[in-house]
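Step one of this worksheet: look at the structure below.
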Ligand code: G1P
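Numbering (our numbering), first residue to last: 467 to 768.
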């Protein structure tokens, strides 16, 4: 089997209910963080690891994703004729990348979405990126996971410690550290806090091997009545070792409103075009909240 990771799957068929009404007719993946849609951060992260083939698993109302990664002739001409070279370069910077789109006709879960890509992946390991887990662009998580994969040739999932009160939102694992990686002994999708094997949660970055497809083919619905990737990985564990890679950089749960706002704030601070005036505004807010907050505290104590 080929050891290099050349393909990335980006499931993008979800309904995005946590962002309604914004996502009623537009894909959640197209919500902009500063000036780029969420999904573009994921694509650029993979490109930085040498991945050039993308399979995006879409559903109804997701056409905007296809348009976003396509060329835009009229717009390009307009930018050319008005001398907006920088913007032109910006919108064309992904034009050498291959995008393929697969429709997940029914929303049967993440495991099912991955299974839809089976005919296009063939016999090679691949990355899975859930674009609503936004990783700090200065932290090369996927690159590190690919390096580990090339050494161990086993499936790898990204892991992060989360508060016990949040484990029910994630796939949760059990296992032991082996050097820099975590050898997984159990996985549970969205457990209740009291039933969770740990508070190490799966984050939306995976390196998977093609044997997962045989399992997904037979996988029954699990948590939430959906075909879960976590359950398929648990079955795969009977046949081979699966590792976890504990993340050390910043991750935002941008599928959640507060997480999305945090990502916006931090990424705006890293953006040279807006960071100056934005910092000044943050100072202004901090002062305002600080004074009001203190005032509120004094009142309560009094
Ligand atoms: C999915 C996975 C879950 C994982 C999470 C990471 O859940 O099923 O195991 O922990 O992504 O973001 P979802 O967020 O799609 O419900």
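Here a beta-carbon is modelled for each residue, glycine too, at the ideal position from N, C-alpha and C.
*Among 561, 543, 567, 608, which has the Cα closest to the Cα of residue 512?*
Checking every option, the nearest Cα to that of residue 512 belongs to 608.
*Could you check where the alpha helix (DSSP H) with residue 708 kicks off and where it finishes?*
Counting along the chain, residue 708 sits inside no alpha helix (DSSP H), nor does DSSP assign it H or E at all.
*Report yes if the C-beta distance between residue 573 and residue 481 is below 8 Å; otherwise report no.*
Yes; because the gap between Cβ atoms is below 8 Å, this pair is in contact.
*Compute every distance between the C-beta of residue 729 and the non-hydrogen atoms of the ligand G1P, then say whether any falls below 7 Å.*
Checking every heavy atom of the ligand G1P against the Cβ of residue 729, none is found closer than 7 Å.
_residue 572: first and last residue of the uninterrupted beta strand (DSSP E) it sits in_ = Annotation: residue 572 is outside any beta strand (DSSP E) and is labelled neither H nor E by DSSP.
*State buried or exposed for residue 642, treating a residue as buried only when at least 16 other CB atoms are found within 10 Å of its CB.*
That one is exposed.
*Could you tell me which residues DSSP puts in a beta bridge with residue 519?*
Paired residues: 473, 564.
*In angstroms with no decimal places, state the Cα-to-Cα distance between residue 470 and residue 755.*
For residue 470 and residue 755, the distance between alpha carbons rounds to 50 Å.
*Three-state secondary structure (DSSP) of residue 748*: Residue 748: helix per DSSP, three-state reduction.
*Integer Cβ distance of residue 698 from residue 593, believed to fall under 8 Å*: Distance from residue 698 to residue 593 at the Cβ level is roughly 16 Å; contact not present, criterion being Cβ atoms closer than 8 Å.
*asked:* Whole angstroms are fine: how far does the CA of residue 621 sit from the CA of residue 723?
replied: Taken atom to atom, the span from the alpha-carbon of residue 723 to that of residue 621 is near 31 Å.
*If we ignore side chains and look at the alpha-carbon of each, how far apart do residue 610 and residue 485 end up?*
In a straight line, the C-alpha of residue 610 is about 31 Å away from that of residue 485.
*Enclosing alpha helix (DSSP H) for residue 678 [first to last residue]*: The continuous alpha helix (DSSP H) containing residue 678 extends over residues 677-684.
_Secondary structure, beta strand (DSSP E): runs of 3+ residues fully inside the region 482-567_ = Within the region 482-567, the beta strand (DSSP E) runs of at least 3 residues that lie entirely inside it are, in chain order, 519-524.
*Return the residue from the list 738, 705, 718, 731 that minimises the CA-CA distance to residue 652.*
Nearest C-alpha to residue 652 among 738, 705, 718, 731: 705.
*Just list the alpha helix (DSSP H) runs in the region 710-737, keeping only unbroken ones of 4 residues or longer that don't cross its boundaries, in chain order.*
Whole alpha helix (DSSP H) segments, 4+ residues: 723-736.
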